[in-house]
Amino acid sequence: MGEEDIEEYDGIEILQIYNFTTTSETLEASPSAKFTDCDVFDGRWVEDDSRYPIYNSTDCPFAERGFSCFENGRKDKEYLRWQWKPKKCEIPRFDAEKALEMLRGKRVVFVGDSLSRTQWESWICMLMEGVKKKESVYEINGSQITKTIRHLGVKFMDHNITVDFYRSVFLMNKTYNVPAGAPKNVRMTVRLDLVDDISDQWIDSDLLVFNTGGWWTQNRLFNEMRCFFQIGNSLEFGISVIDGYKMALNTWADWAEANINPNRTTVFFRTIESTHWRGPNQCDVSEKPLNETKGKEKSEKSDIIMEVLEKKMKRVPVKIMHLTPMGSYRSDAHVGNWGDNPSLQDCGHWCLPGFPDIWNEIIISYFLPKISSFTSYQN
C-alpha cells in the first residue's frame, strides 16, 4: 500500500433517519418524508456476530489484493463483529437483492482518492452477493484494478447497473503544463480554480459520491510531488495547504451548482476518515475499537467541508457523510500489516470486508422505502 498518507444549511444535508421512496426514473427522497432527531453518525460501536461480513473478499474479483486482509494473512475476525449503532435509530441490514432492484437501470459514480476506490470495490462486492450469474458482472473496458488508472467501470448486465470509479485525488485539475518561467522545483500544479478535466464524465449519473483530503498535505504536495498551487496562469506559492483545500472545495461547489442536475442525481460528500499511526511508517492496529478517540473525532478538513458546502450549495442538495467521529474508534479495521506489501504498514486504508461496507449500508438505506439515515439542513 502506502499510496497515500490518509490522515447544511442551503443545499447540504447531514445523514438522519426519515422516510424515503424510490421511483422508476430517479433515486429520491419522498416529498412527505418526516425528519426525526436521529443523527446516524451520533452513536457507538456494538458487538454483533450475525451481521458481518457481508461478503468474502477472496470470492469477489473486484476487491483488490491490497485491501483483502484475509487473503494477505490476517487471522483474527474480531474487527468484523462490530455494528454501528446510532443513538436513536437503526441502520437497516443490507439486502443485496433489494439493492440490485432499487438500482436497476441506474449509474453510480464514485470520485476521489484510494479511499473512494475502496468504497467503490466494497459497493460492487456487496451487490454481487445478490447476483446469481457472477460472469454477468464485468469491468466494461477489461481493465485491471490499479492505483493509478483514472477510470474503472463495472457493469451488472442483468440489472443494467453501472458502477464507476474516477480517480481524482484533488477533485481539481492537475497538470504538468506549468506556467512559463516557473522555478525548476515545480514539477506540476493543482489548479485551485478549475475542476478536474474529466469532470464532464461524472455528471451523467443517478448517485454521485465524492471525497478528497488524503493528498492535501504539505509533505505530499510540496515535497514528494513537487506540486504547487496555480490560479489562472499564476503560481501561488503563498497559499497554505489548508487554504488551498478550502479554495478547491469552493471551486468544486461552484462546479456542482452549475453542472449537476438535482432532479436526477443524488450527491454525497464524505468527510475525512481517521488514521491511526503510532509514528512514521508505524501502524497501531488494535484488537477492538478504541474506547477513547483522543481527538481523532475532529478534523479541520472535515470542518471545512461542512463550512464551505453550507455556504455555497443552493440549487444542488449535497448529503454529507460525516465519517470522522465513527471512524476515529476503528483502529482495529485498518489494513495494517495485511496489505499487498508486507514490508509497508498501512493505518490509513481499511480492510475489505470492513468499515467501508458500513458507509455503503448507510447510503443504500437512504433510498429504501420507509427507512433512511440522514440528518438534513436544507432551506
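Residues in the sequence shown are numbered consecutively from 1061, following this note's numbering. We treat Cβ as the ideally placed atom computed from N, Cα and C, and that holds for glycine. Given the structure is predicted, the values throughout are model-derived calculations rather than measurements.
Beta-bridge annotation (DSSP): Trp-1144 is paired with Trp-1105. Just measuring C-alpha positions, the residue of Asn-1351, Asn-1283, Arg-1330 and Asp-1363 sitting nearest Lys-1379 is Arg-1330. The beta carbons of His-1409 and His-1394 sit about 7 Å from each other, so the pair counts as a contact at 8 Å. By the Cβ test, the stretch 1259-1271 is not in contact with the stretch 1237-1251, since fewer than three Cβ pairs between them sit closer than 8 Å. Remark: fewer than three beta-carbon pairs, one from each stretch, lie closer than 8 Å, so the stretch 1124-1140 and the stretch 1166-1173 are not flagged as touching. Only exposed fits Ser-1203, as fewer than 16 other CB atoms lie within 10 angstroms of its CB.
No Cβ-Cβ contact shorter than 8 Å links Phe-1216 with Cys-1411.
The DSSP-derived three-state label of Tyr-1226 is strand. Fully contained in the stretch 1254-1333 are the following alpha helix (DSSP H) runs of length 4 or more, in chain order: 1301-1319. Under the DSSP assignment, Gly-1387 falls outside any beta strand (DSSP E), being part of the alpha helix (DSSP H) whose first and last residues are 1384-1387. Nearest neighbour of Lys-1371 by Cα position, chosen from Phe-1415, Ala-1313, Asp-1344 and Val-1345, turns out to be Ala-1313. Counted as a single uninterrupted DSSP element, the beta strand (DSSP E) harbouring Leu-1212 occupies residues 1211-1216.
For Trp-1398, there is no enclosing alpha helix (DSSP H), as DSSP marks it with neither H nor E. Comparing alpha-carbon positions, the option among Arg-1286, Gln-1405, Asn-1351 and Asp-1363 lying closest to Tyr-1305 turns out to be Asp-1363. Closest in C-alpha terms to Met-1373, from the list Trp-1262, Leu-1309 and Arg-1324, comes Leu-1309. Inter-residue distance for Ala-1156 and Glu-1189 is about 6 Å (C-alpha atoms, whole angstroms). Taking the Cα of Gly-1414 as reference, the smallest distance to any Cα among Trp-1183, Asn-1220 and Thr-1311 is reached at Trp-1183.
Closest in alpha carbon position to Met-1248, among Ile-1258, Glu-1150, Asn-1233 and Trp-1262, is Asn-1233. Annotated three-state conformation of Thr-1178 is helix, per DSSP. Per DSSP, reduced to three states, the secondary structure at Asn-1233 is strand.
Closest option to Ala-1318, judged by alpha-carbon separation, among Met-1366, Gln-1405, Ser-1259 and Ala-1123: Ser-1259. Within the DSSP secondary-structure output, Thr-1249 pairs in a beta bridge with Thr-1235 and Phe-1288.
For the 8 Å CB-CB criterion, Ser-1334 and Thr-1384 form a contact. Note on geometry: alpha-carbon atoms of Asn-1323 and Trp-1276 lie some 32 Å from one another. Under the three-state reduction of DSSP, Gly-1241 is assigned to coil, being neither helix nor strand. Across the structure, Ser-1110 and Arg-1390 are spaced so that their CA atoms are roughly 19 Å apart. For Tyr-1198, the enclosing beta strand (DSSP E) covers residues 1197-1199.
Within the same chain, Cβ atoms closer than 8 Å to the Cβ of Tyr-1198 are found at Val-1214, Lys-1215 and Met-1217, the five residues on either side in sequence being excluded.
Within its own chain, the residues whose Cβ lies closer than 8 Å to the Cβ of Ile-1263, once the five positions on either side in sequence are excluded, are Asn-1319, Ile-1320, Asn-1321 and Thr-1325, listed in chain order.
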